[in-house]
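In the numbering used here, the protein residues as written are 633 to 807. For every residue, glycine included, the Cβ atom is placed at its ideal position computed from N, Cα and C. The structure presented is a predicted model; accordingly, all values stated were derived computationally and were not measured. First up is the structure itself, then whatever we jot down about it.
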C-alpha cells in the first residue's frame with residue numbers, strides 16, 4: 633500500500649509500558665518477548681476493567697503498539713514499548729495503567745502484512761527521497777477489526793503511523 637500523509641492528530645492512549653530491550657528474552661515477532669508480555673498484561677487489565685474501558689475507548693482499533701526511542705537510545709539500545717487503546721480525554725484511569733498523550737503531528741500512514749517487513753523501506757527509501765522527516769522518535773502500529781484476522785492468520789494486516797514533518801530547506805546563505 634502506498635503511504636498516505638494524514639492530517640495532524642493528537643493520540644491519547646491508555647495501556648501498559650515496558651522499558652528495556654524487549655528482545656532479550658525472545659527475538660522478533662515471538663509472542664514471548666517483552667512486547668508480547670506487555671500485550672498479555674494489557675489484555676488481562678483490559679478484561680479486568682472492561683466496562684470502564686469500553687466507555688473510555690475512542691477508536692475502532694483493537695489496540696496500538698508504540699515504540700518510543702528515548703534520548704539515550706543509541707547508547708543503551710533500550711526503548712519504551714507502549715501497548716494500549718485510544719481513549720477519550722479522561723481525568724481518571726486504573727492505577728495499574730498508564731495514560732500517554734502523543735503530540736499533535738502529521739503521520740505517514742501505511743498498511744503491511746503482519747509479520748511482514750514492516751517499516752524498513754519507509755526509513756531506507758521513502759523518507760530520504762521525500763520532503764518529509766520523522767518529527768518525533770517513535771513509531772505506532774495499530775490493529776483494526778477489518779484488517780486484523782489474528783496472529784496466526786496469513787492475511788492479517790497492521791497499520792503503521794510514522795510521525796512526520798516537512799524537511800527544512802537547506803539555506804546556503806545562512807551562517
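{"query": "Reducing DSSP to helix, strand and coil, say where residue 756 ends up.", "result": "helix"}
{"query": "Which word fits residue 665, buried or exposed, when buried means at least 16 other C-beta atoms lie within 10 angstroms of its C-beta?", "result": "buried"}
{"query": "In angstroms, rounded to a whole number, what distance separates the CA positions of residue 751 and residue 771?", "result": "9 angstroms"}
{"query": "Going by beta-carbon coordinates alone, are residue 731 and residue 796 separated by less than 8 angstroms?", "result": "no"}
{"query": "Could you pull the DSSP bridge partners for residue 794 from this structure?", "result": "740"}
{"query": "Which of the three DSSP states, helix, strand or coil, is assigned to residue 646?", "result": "strand"}
{"query": "From residue 656 to residue 792, what distance separates their C-alpha atoms?", "result": "24 angstroms"}
{"query": "Quick check on residue 705: does DSSP put it in helix, strand or coil?", "result": "helix"}
{"query": "Mind the definition here: the stretch 708 to 722 touches the stretch 647 to 656 only if three or more C-beta pairs lie below 8 angstroms; say whether that holds.", "result": "yes"}
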